[in-house]
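*Asks:* Each residue of the sequence shown is one higher than the one before, starting from 1 at the first, in full-length UniProt numbering.
Just so it is clear, CB atoms sit at the ideal spot from N, CA and C, and this is done for glycine as well.
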Amino acid sequence: MSARTKARKRALDVLFAAELRGETATEALDRAIAEGEGPTNDYTVVLVRGVEEHRTRIDEVLTEYAEGWTLQRMPAVDRNVLRLGVWELLYADDVPDGVAISEAMALVTDLSTDESPQFVNGVLGAVERNKATLA
Numbered sequence: 001m002s003a004r005t006k007a008r009k010r011a012l013d014v015l016f017a018a019e020l021r022g023e024t025a026t027e028a029l030d031r032a033i034a035e036g037e038g039p040t041n042d043y044t045v046v047l048v049r050g051v052e053e054h055r056t057r058i059d060e061v062l063t064e065y066a067e068g069w070t071l072q073r074m075p076a077v078d079r080n081v082l083r084l085g086v087w088e089l090l091y092a093d094d095v096p097d098g099v100a101i102s103e104a105m106a107l108v109t110d111l112s113t114d115e116s117p118q119f120v121n122g123v124l125g126a127v128e129r130n131k132a133t134l135a
């Protein structure tokens with residue numbers, strides 16, 4: 001498993017925990033760091049802070065492209081994987097689009113429902129096709 005793959009998984013853990021605790025992702029990250037459980041890979045910090053910084057726009061994009069699904073209705077893992085994927089598609093210039101999508105697919109394949117990979121692939125594929133108008 002590559003270092004960035006591990007960083008994405010850890011970022012997902014932070015985003016998911018933040019939701020469960022009712023705190024922002026930045027608060028969850030800062031708490032983990034203060035407790036000595038912070039991420040060992042700097043890319044995790046980049047992902048978490050990036051998603052939090054652009055969360056309003058990311059959630060708008062997800063609301064638009066997740067046809068038939070509200071953010072609240074999505075499984076929490078899917079919602080947060082999609083946030084990571086959209087951030088990488090729209091804001092991470094050093095991550096090829098195909099990598100962002102395949103990494104998101106791998107996360108939901110391992111951690112979510114049987115239907116999740118198809119759903120995540122469809123949403124991120126639509127975002128990728130329209131990304132020139134989204135950022």
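(1) Given a cut-off of 8 angstroms, decide if residue 29 and residue 46 are closer than it, judged by their beta-carbon atoms.
(2) Under DSSP, the alpha helix (DSSP H) around residue 118 begins and ends at which residues?
(3) Which residue from 62, 75, 68, 44 puts its Cα closest to that of residue 113?
(4) Buried or exposed: residue 32, going by 16 or more other Cβ atoms within 10 Å of its Cβ?
(5) Buried or exposed: which applies to residue 132, given that a residue is buried once 16 or more other Cβ atoms fall within 10 Å of its Cβ?
(6) Could you give the distance in angstroms between the alpha-carbon of residue 38 and the alpha-carbon of residue 50?
(7) What are the start and end residues of the alpha helix (DSSP H) that includes residue 105?
(8) Determine contact between the stretch 96–109 and the stretch 59–69, defined as no fewer than three beta-carbon pairs at a distance below 8 angstroms.
(9) Given this structure, state the Cα-to-Cα distance separating residue 138 from residue 26, to the nearest angstrom.
(10) Around the C-beta of residue 21, are 16 or more other C-beta atoms found within 10 angstroms, so that it is buried, or is it exposed?
(11) Using the three-state DSSP reduction, which class does residue 22 fall into: helix, strand or coil?
*Replies:* Judging by the given coordinates:
(1) Position 46 of the sequence shown, counted from the first residue, corresponds to residue 46. Position 29 of the sequence shown, counted from the first residue, corresponds to residue 29. Cβ atoms of residue 46 and residue 29: not closer than 8 angstroms.
(2) Locating residue 118 in the sequence shown gives position 118, counting from the first residue. It spans 116–130 - the alpha helix (DSSP H) in which residue 118 sits, taken as one unbroken run.
(3) As a position in the sequence shown, residue 113 is number 113, starting the count at 1. The residue with the shortest Cα to Cα distance from residue 113 is 75.
(4) Here the question's residue 32 lines up with position 32 in the sequence shown. Buried is the call here.
(5) Against the sequence shown, residue 132 aligns to sequence position 132. Residue 132 is exposed by the Cβ-count criterion.
(6) By one-based count along the sequence shown, residue 38 stands at place 38. By one-based count along the sequence shown, residue 50 stands at place 50. Rounded to whole angstroms, residue 38 to residue 50 spans 16 angstroms at the Cα level.
(7) As a first step, residue 105 is located in the sequence shown; it is residue number 105 there, counting from the start. Taken as a continuous stretch (DSSP letters only), the alpha helix (DSSP H) holding residue 105 covers 97–111.
(8) The stretch 96–109, when compared against the stretch 59–69, does not touch it at the 8 angstroms Cβ threshold.
(9) The question about residue 138 has no answer here: the residues shown for the chain are numbered 1 through 135.
(10) In the sequence shown, the residue the question calls residue 21 occupies position 21. Exposed, by the Cβ-count rule.
(11) Taking the sequence shown and counting its residues from 1, the one referred to as residue 22 is at position 22. Note: residue 22 maps to coil in three-state DSSP.
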